[in-house]
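Respectively, the protein sequence lines represent chains A and B.
The first sequence maps to residues 10 to 612 in the numbering used here.
The second sequence maps to residues 150 to 396 in the numbering used here.
We treat Cβ as the ideally placed atom computed from N, Cα and C, and that holds for glycine.
What you are looking at is a predicted structure, and each value in this text was computed from that prediction instead of being measured.
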Amino acid sequence: MAEYQTHPYDVLVIGAGGSGLRAAIEASAGGATVGLVTKSLLGKAHTVMAEGGIAAAMGNVDERDNWKVHFSDTMRGGQYVNNWRMAELHAKEAPDCVRELEAWGSVFDRTKEGRILQRNFGGHRYPRLVHVGDRTGLEMIRTLQDHGIHQGIEVHMECTMLTLLLDDGRVAGAFGYDRERGRFLLFPAKAVVLATGGIGRAYKITSNSWEYTGDGQSLAYHAGAALIDMEFVQFHPTGMVWPPSVQGILITEAVRGEGGILKNKEGRRFMFDDIPELYRNQTADNEEEGWRYTQGDRNARRPPELLTRDHVARCIMREVKAGRGSPHKGVFLDIAWIKEKLPNAPEHIKRKLPSMYHQFKQLADIDITKEPMEVGPTTHYMMGGIKVDAESQMSTVPGLFAAGECAAGLHGANRLGGNSLSDLLVFGKRAGHHAALFAKSQGSTRVDEQLVDRTANEALVPFERSAGEGPYQIQHELQEMMQHNVGIVRVEHEMELALREIESLKQRAAKVAVYGNREFNNGWHTALDLSNLLTVSEAITRAALERKESRGGHFRDDYHDKNPEYGTFNIMVKQGPDGAMQISRVPIPELPAELKQVIEENK
Amino acid sequence: MAQATFRIWRGDSSGGKFQDYTTDVEEGMVVLDAVLKIQAEQANDLSTRWNCKCGRCGSCSAEINGNPKLMCMTRLNSLPLEKPVMVEPMRTFPPIKDLVTDVSWNFRVKKTIQKFKPRKPDFEDGTWHMVQKDVNRIQEFRKCIECFLCQDVCHVLREHKKFDEFIGPRFLVHTAALEMHPMDTADRTKDLKDKHNVGYCNITTCCRKVCPEEITITENAIIPLKERVVDEYYDPLRKLVMKIIGS
Ligand SMILES: Cc1cc2nc3c(=O)[nH]c(=O)nc-3n(C[C@H](O)[C@H](O)[C@H](O)COP(=O)(O)OP(=O)(O)OC[C@H]3O[C@@H](n4cnc5c(N)ncnc54)[C@H](O)[C@@H]3O)c2cc1C
Ligand code: SF4
Ligand code: SF4
Ligand code: FES
Numbered sequence: 010m011a012e013y014q015t016h017p018y019d020v021l022v023i024g025a026g027g028s029g030l031r032a033a034i035e036a037s038a039g040g041a042t043v044g045l046v047t048k049s050l051l052g053k054a055h056t057v058m059a060e061g062g063i064a065a066a067m068g069n070v071d072e073r074d075n076w077k078v079h080f081s082d083t084m085r086g087g088q089y090v091n092n093w094r095m096a097e098l099h100a101k102e103a104p105d106c107v108r109e110l111e112a113w114g115s116v117f118d119r120t121k122e123g124r125i126l127q128r129n130f131g132g133h134r135y136p137r138l139v140h141v142g143d144r145t146g147l148e149m150i151r152t153l154q155d156h157g158i159h160q161g162i163e164v165h166m167e168c169t170m171l172t173l174l175l176d177d178g179r180v181a182g183a184f185g186y187d188r189e190r191g192r193f194l195l196f197p198a199k200a201v202v203l204a205t206g207g208i209g210r211a212y213k214i215t216s217n218s219w220e221y222t223g224d225g226q227s228l229a230y231h232a233g234a235a236l237i238d239m240e241f242v243q244f245h246p247t248g249m250v251w252p253p254s255v256q257g258i259l260i261t262e263a264v265r266g267e268g269g270i271l272k273n274k275e276g277r278r279f280m281f282d283d284i285p286e287l288y289r290n291q292t293a294d295n296e297e298e299g300w301r302y303t304q305g306d307r308n309a310r311r312p313p314e315l316l317t318r319d320h321v322a323r324c325i326m327r328e329v330k331a332g333r334g335s336p337h338k339g340v341f342l343d344i345a346w347i348k349e350k351l352p353n354a355p356e357h358i359k360r361k362l363p364s365m366y367h368q369f370k371q372l373a374d375i376d377i378t379k380e381p382m383e384v385g386p387t388t389h390y391m392m393g394g395i396k397v398d399a400e401s402q403m404s405t406v407p408g409l410f411a412a413g414e415c416a417a418g419l420h421g422a423n424r425l426g427g428n429s430l431s432d433l434l435v436f437g438k439r440a441g442h443h444a445a446l447f448a449k450s451q452g453s454t455r456v457d458e459q460l461v462d463r464t465a466n467e468a469l470v471p472f473e474r475s476a477g478e479g480p481y482q483i484q485h486e487l488q489e490m491m492q493h494n495v496g497i498v499r500v501e502h503e504m505e506l507a508l509r510e511i512e513s514l515k516q517r518a519a520k521v522a523v524y525g526n527r528e529f530n531n532g533w534h535t536a537l538d539l540s541n542l543l544t545v546s547e548a549i550t551r552a553a554l555e556r557k558e559s560r561g562g563h564f565r566d567d568y569h570d571k572n573p574e575y576g577t578f579n580i581m582v583k584q585g586p587d588g589a590m591q592i593s594r595v596p597i598p599e600l601p602a603e604l605k606q607v608i609e610e611n612k
Numbered sequence: 150m151a152q153a154t155f156r157i158w159r160g161d162s163s164g165g166k167f168q169d170y171t172t173d174v175e176e177g178m179v180v181l182d183a184v185l186k187i188q189a190e191q192a193n194d195l196s197t198r199w200n201c202k203c204g205r206c207g208s209c210s211a212e213i214n215g216n217p218k219l220m221c222m223t224r225l226n227s228l229p230l231e232k233p234v235m236v237e238p239m240r241t242f243p244p245i246k247d248l249v250t251d252v253s254w255n256f257r258v259k260k261t262i263q264k265f266k267p268r269k270p271d272f273e274d275g276t277w278h279m280v281q282k283d284v285n286r287i288q289e290f291r292k293c294i295e296c297f298l299c300q301d302v303c304h305v306l307r308e309h310k311k312f313d314e315f316i317g318p319r320f321l322v323h324t325a326a327l328e329m330h331p332m333d334t335a336d337r338t339k340d341l342k343d344k345h346n347v348g349y350c351n352i353t354t355c356c357r358k359v360c361p362e363e364i365t366i367t368e369n370a371i372i373p374l375k376e377r378v379v380d381e382y383y384d385p386l387r388k389l390v391m392k393i394i395g396s
């Protein structure tokens, strides 16, 4: 029998980033007892790293903005395979969610009129991103954290959940361990909200931290929930490429929003060379117009640097492949050039992009007010994840909810910058609200002792294998393999190879050895995360094989074009009765006439 | 390839010792890179915290050659590599294991500070009127990434162990951010004086010097708070005394 401590709650929230905190606050406000668990310390989740801003059509800077434009932008960015109801709710509710943050103490940058300032970002027609310099995520997570700690929520820091519990098909809680001492913990709960974030650690070059091992997606999958859109991984166009130790670290899109331009080694602004049809009407056709746009000229159209991320990332790849890249296999991102336009450009850059200035100065010895940066694509965000109901965020397993990056639907094939932070607020709130309602309407659940015992035993076996392969080796090989075979440019035979590699890595992971004791043992933690990484890697690969076209974040070298037929369904991943991964196609419900019209009006 | 030696503290609450690890180093590396490389290649069970790798999350605080720093922002080329680089946990907090310390006290202290209490919204849409110059000051405080390096160097905590009486520079910054928030209506001066003991700080400025966010902790946060306490509690008294003795 496994030894463990028990903490029962009405609602258990797994993950303390923006979505988890927002869900916990709402569930608590709904009268539920709430437990909140996180792998890191409170306030350190990924949300803290977000830079550019929160997308919300408040219309403070340009009164032409409203939910309809935001909705249309989100659908266009997602290439119309989004869950349109989520996109609608998101666009309508984001402004109120931002106001709520202000009421809880957030201090956003201001307009001259004393209102919340908004900035330009890729794919957003009007200046829409609410921000604080380039540290918006910090403002958001700190506000939610500081508000949340007074709402009667019990926080369990540095605890990792290993499995969800089920009772007769309904979710019944979760089981895991505390990282500090390595003790097991059982959380019986009437409802569970997954808010565990993304999967970036499946790749070698990523802006994501050690935490992003796809735990939520994998836990949900093994509990029988459906995943969708797993083929849609966002590669952000601008990660650092040099020096090697900082490879992948993000450079916010706000650099381009503030006037930064992309150039190849010949000094050419290559983004003007390829402007997709869908965006031609909205894109500047000369450099001067692009500059005016970034400076708030309402009659100018956006520069091509602010096209959607999938497109910009591929253009960069094209330049590098054609031998026109920078010395370290990237391209140049130049913000220093604005000194030709603005009198006190260096000061302006430091004020608008303080963290970027700092980051390059300290980590790469580059002064971005004087020199261009070298940039290249980095694995950044997971559009796919747990399939949820738009209104309630409930997954296909009763009582299991999901919100934030680990849930899917809002972003379709490609997420617009800023649409994640707003996603966290809108759907975190909804998930918390509905989880509390669900918990209230349901009786208690029974704990599956057998599963608990089995999970505990499996977690401890790596200690018994004194000799054997360590976890880091396996993790690094997986990352290298996924980067190469299921990365930005995909092709069938490489993905077939990836599936075989995943199988062999699974065998190796089943024999992984760790040493030392259970107290804060990073090696052990890494070993336990492996199975999640392997599950999501397999899901990404299988879904990507199934989508024989190119759309958004998913680009196939063997099917370059978008195929309209593939625009009518999402790809779903589910565990079959035999335990094997099953792929199917779920039709996208038809857009209601009003929304069709909204899109038409905003073309 | 060049090599360097890292003398890393290994141990737990019952004690520990320094252990040397030699590893390859390359251009651009930071201390965290070296620690993670050693962890992956030589000591899988080496404990450390990190998340962002770019100075935004405040997880990777440690003492490097005796200086409190973020490991992810400390370039190897800023250190003398001809001798071992000493890497040890923050010494003010109880050790858990290796580079990981028990910082939970900080999270408990925060709860004792009166929360944000806004006045009624100014605009109909439920928002407030604030212009940039009203918020510049507290935006500086809100840059804090809660790395707790300032807490680590403050002698009131480090040497005098006043954990039950003094909230430390981080939470004085936090209190200042609340007190100077243009929307806030709560009054925290009594707590500052009696419960959180801002008076214990004797403005050595050690905290300000280590802050990776370059927050002017002492001049912009602590001194104005001290002045508030003086204004509210000592000044009227002095005035009263002056009145009685009739000056
Ligand atoms: C560098 C960077 C910049 C970004 N900039 C922007 C931006 O400007 N605008 C924007 O909209 N988006 C941005 N994004 C994306 C956005 O920040 C993330 O998508 C978002 O913060 C995810 O929030 P979340 O609540 O879903 O998860 P997170 O904030 O990642 O939180 C996940 C939580 O789940 C916990 N967890 C995970 N697994 C487990 C487990 N097994 N057991 C227990 N707990 C677990 C983690 O510990 C953590 O607390 C950026 C992302 C990065 C990396
Ligand atoms: S200035 Fe005050 S708070 Fe800062 S280290 Fe010195 S005594 Fe501590
Ligand atoms: S005030 Fe500075 S040193 Fe102190 S916790 Fe915040 S960021 Fe760290
Ligand atoms: S890892 Fe985030 S501050 Fe160092």
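{"Query": "Around the Cβ of residue 396/B, are there at least 16 other Cβ atoms within 10 angstroms (buried) or fewer (exposed)?", "Result": "Low confidence applies to residue 396/B: its pLDDT is 45, below 50, so where it sits in the model is not reliable, and the reading given next is rough at best. Exposed, by the Cβ-count rule."}
{"Query": "Might you give, ordered along the chain, the residues of its own chain that have their beta carbon closer than 8 Å to the beta carbon of residue 577/A, omitting 5 neighbours on each side?", "Result": "596 and 597"}
{"Query": "Could you tell me which residues DSSP puts in a beta bridge with residue 164/B?", "Result": "161/B"}
{"Query": "For residue 396/B, name the three-state secondary structure that DSSP assigns.", "Result": "Only weak support is given to the placement of residue 396/B: the predicted model assigns it a pLDDT of 45, under 50, and the value that follows is read from those uncertain coordinates. Coil, per DSSP."}
{"Query": "Which residues does DSSP list as the beta-bridge partners of residue 476/A?", "Result": "Answer is none; residue 476/A lacks a bridge partner."}
{"Query": "Note down, in chain order, every chain A residue with its Cβ under 8 Å from the Cβ of residue 188/B.", "Result": "481, 531 and 532"}
{"Query": "Starting from the C-beta of residue 585/A, find all residues in its chain whose C-beta is less than 7 Å away, skip the five residues before and the five after it, and write them out in chain order.", "Result": "591"}
{"Query": "Kindly give me the distance between the Cβ atoms of residue 114/A and residue 83/A, rounded to whole angstroms, as I take these residues to be in contact under 8 Å.", "Result": "Contact flag wrong, Cβ pair sits at about 28 Å."}
{"Query": "Is any heavy atom in ligand 4 found nearer than 7 Å to the beta carbon of residue 205/B?", "Result": "yes"}
{"Query": "So residue 272/B and residue 325/B are supposed to be a Cβ contact under 8 Å. How far apart are they, rounded?", "Result": "Between residue 325/B and residue 272/B the Cβ distance is about 26 Å, and since that is not below 8 Å, they are no contact."}
{"Query": "Give the DSSP-derived three-state secondary structure of residue 396/A in the structure shown.", "Result": "strand"}
{"Query": "Could you confirm whether any beta carbon from chain A is found closer than 8 Å to the beta carbon of residue 267/B?", "Result": "yes"}
{"Query": "Going by the DSSP bridge assignment, what does residue 202/A pair with across the sheet?", "Result": "22/A and 410/A"}
{"Query": "At a CB-CB cut-off below 7 Å, which residues of chain B make contact with residue 114/A?", "Result": "265 and 330"}
{"Query": "Hey, residue 276/B and residue 124/A: beta-carbon distance below 8 Å or not?", "Result": "yes"}
{"Query": "Using a Cβ cut-off of 8 Å, which residues of the segment 354-370 of chain A contact any Cβ in chain B, in chain order?", "Result": "364, 367 and 368"}
{"Query": "Pair every Cβ in the segment 89-101 of chain A with every Cβ in the segment 280-299 of chain A, then say whether three or more of these pairs are closer than 8 Å.", "Result": "no"}
{"Query": "Could you check if residue 220/B belongs to the surroundings of ligand 5, using beta carbon to heavy atom distance under 7 Å?", "Result": "No copy of ligand 5 appears in this structure; the ligands present are ligand 1, ligand 2, ligand 3 and ligand 4."}
{"Query": "For residue 339/B, I'd like the list of residues in its chain whose CB is within less than 7 Å of its CB, leaving aside the five on either flank, ordered along the chain.", "Result": "none"}
{"Query": "Does DSSP put residue 580/A in a helix, a strand or coil?", "Result": "strand"}
{"Query": "Does residue 168/A come out as helix, strand or coil in the three-state DSSP assignment?", "Result": "strand"}
{"Query": "At what residues does the alpha helix (DSSP H) containing residue 95/A begin and finish?", "Result": "93-112"}
{"Query": "Which residue comes first and which comes last in the alpha helix (DSSP H) that contains residue 328/A?", "Result": "318-330"}
{"Query": "Tell me the rounded alpha-carbon separation between residue 317/A and residue 513/A.", "Result": "36 Å"}
{"Query": "Against chain A, with Cβ distances strictly below 8 Å, would residue 177/B count as a contact?", "Result": "yes"}
{"Query": "Beta-carbon within less than 6 Å of residue 305/B's beta-carbon, same chain only, minus the 5 sequence neighbours each way: which residues are those?", "Result": "311, 315 and 349"}
{"Query": "For residue 351/A, count neighbouring Cβ atoms within 10 angstroms of its own Cβ and tell me buried if that reaches 16, exposed if not.", "Result": "exposed"}
{"Query": "If you draw a straight line from the C-alpha of residue 527/A to the C-alpha of residue 216/B, how long is it?", "Result": "30 Å"}
{"Query": "Might you give, ordered along the chain, the residues of its own chain that have their beta carbon closer than 6 Å to the beta carbon of residue 273/A, omitting 5 neighbours on each side?", "Result": "279, 328, 333 and 340"}
{"Query": "If you check the beta carbons only, do residue 561/A and residue 315/A fall under 8 Å apart?", "Result": "no"}
{"Query": "Rank 522/A, 478/A, 16/A and 487/A by C-alpha distance to the C-alpha of residue 222/A and give the top, closest one.", "Result": "487/A"}
{"Query": "Could you compute how far the alpha carbon of residue 239/A sits from the alpha carbon of residue 145/A?", "Result": "27 Å"}
{"Query": "For residue 397/A, which residues from the same chain have a beta carbon less than 6 Å from its beta carbon, with the 5 sequence-adjacent residues on both sides left out?", "Result": "404, 411 and 416"}
{"Query": "Can you find at least 3 beta carbon pairs, one from the segment 58-74 of chain A and one from the segment 29-47 of chain A, that sit closer than 8 Å?", "Result": "no"}
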